[in-house]
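If you want the working numbering, it's the 1-based position in the sequence shown plus 22.
Built from N, CA and C at the ideal position, the CB exists for glycine as well.
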Amino acid sequence: EDGGVEGLAERLGVGSRHLRRLFLRHLGASPIAVAQTRRLHFAKKLIDETTLPMSQIALASGFGCVRRFNAGIRKVYHRTPTQIRKLARHTLARDTTTPPGNQYLFRLNFRPPYHWQAMLDFLAARATPGVEAVESAAYRRTISLHGRPGYFEVSLDPSRNALRVRIEFGDPQSLFFIVERIRAMFDLNADWAAIVQSLRSDSVLSASVEADPGLRVPGCWNGFELATRAIL
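Here's what the structure looks like:
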């Protein structure tokens, strides 16, 4: 997404031709096709889980223009973006207010159970003053990305298996990166059902698994920040 195929190949220390061969061998698609698929999946998530206008979704998911966005969605999902949103509407908790400019509301799904209080307790004990705060059953923090400041807030959505995330950031094109990092921070991609099968077989861990179902591994916003916090 940033620098194209040539830039990615240079970062990895391989030639661009070899990189394309590796993508085709292991993923069955070229790097450009993989990037396009990721854009479409993120656009679908924005359609399903936010109330963003379609024009902003097209920009945030990297399509550049609404026409290309509409064509890509229709080709893969065989419906228009508006039709997809109508189908997903019944699963969305309705908001009665419209977020102000540069604010975006997401609902990031997870596989239950999710021990939200344990995650908050861990983050609260390690919150950096002036950067992070845990209060009113929510986690808040400031961020800086590409020289732009912003913040986000994360809380549990009681109406569904999801975290409610409010992001304020001036560049919609950075939303994909921010959302993916938040998913990693809160370990939302974990499959608890699969994990617990392995942990239950361990004599040391089995009791903890039964006592606190849904534990997740907390991540971090920034690796340097995490290392500095650990040292200090």
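Under the three-state DSSP convention, the category residue i falls into
i: P171; result: strand
i: T73; result: coil
i: S38; result: helix
i: N211; result: coil
i: Y161; result: strand
i: L227; result: coil
i: R148; result: coil
i: V218; result: helix
i: S196; result: helix
i: C242; result: coil
i: V153; result: coil
i: F64; result: helix
i: S166; result: strand
i: F132; result: coil
i: D179; result: strand
i: Q78; result: helix
i: L127; result: strand
i: L237; result: coil
i: A115; result: Note that A115 has pLDDT 48, beneath the 50 cutoff, so the model's placement of it is unreliable and the number below is only indicative. DSSP places A115 in coil when its eight states are reduced to three.
i: G29; result: helix
Integer-rounded CB distance, given that residue j should sit under 8 angstroms from residue i
i: F45; j: S52; result: 6 angstroms
i: N183; j: N131; result: 6 angstroms
i: Y173; j: R186; result: That belief does not hold up - the Cβ atoms of Y173 and R186 are roughly 15 angstroms apart, past 8 angstroms.
i: P240; j: P135; result: At roughly 16 angstroms, the Cβ-Cβ gap does not stay under 8 angstroms, so P240 and P135 are not in contact.
i: Q195; j: G29; result: Going by Cβ atoms, the distance from Q195 to G29 rounds to 17 angstroms, so no, they are not a contact pair.
i: S177; j: A149; result: The Cβ separation is near 15 angstroms, so there is no contact.
i: T104; j: R96; result: With 8 angstroms as the limit, T104 and R96 do not qualify as a contact, their Cβ atoms being about 11 angstroms apart.
i: L62; j: L68; result: Rounded, the Cβ-Cβ distance is 11 angstroms, inconsistent with contact.
i: A16; j: D70; result: Coverage of the chain is limited to positions 23 through 254, which leaves residue 16 absent and any answer about it impossible.
i: W214; j: R133; result: 6 angstroms
Given residue i as reference, the closest of the options once Cα atoms are compared
i: Y161; options: L167, T73, L145; result: L145
i: A57; options: V27, S77, Q78; result: V27
i: L127; options: I217, L41, I79; result: I79
i: F191; options: E232, E175, A55; result: E175
i: S166; options: D193, E157, S181, V156; result: D193
i: E247; options: I189, S181, E154, Q219; result: E154
i: I54; options: R47, A110, R42, V218; result: R42
i: S181; options: R129, L142, C87; result: R129
i: R238; options: D179, T250, Q139; result: Q139
Limits of the unbroken beta strand (DSSP E) element including residue i
i: V98; result: Not the beta strand (DSSP E): V98 falls in the alpha helix (DSSP H), residues 88 to 99.
i: A51; result: It is not in any beta strand (DSSP E) - A51 carries neither H nor E in the DSSP assignment.
i: F191; result: 184 to 191
i: F85; result: Unbroken run through F85: none, as it is neither H nor E.
For residue i, the first and last residue of its enclosing alpha helix (DSSP H)
i: F246; result: 245 to 253
i: R107; result: 103 to 110
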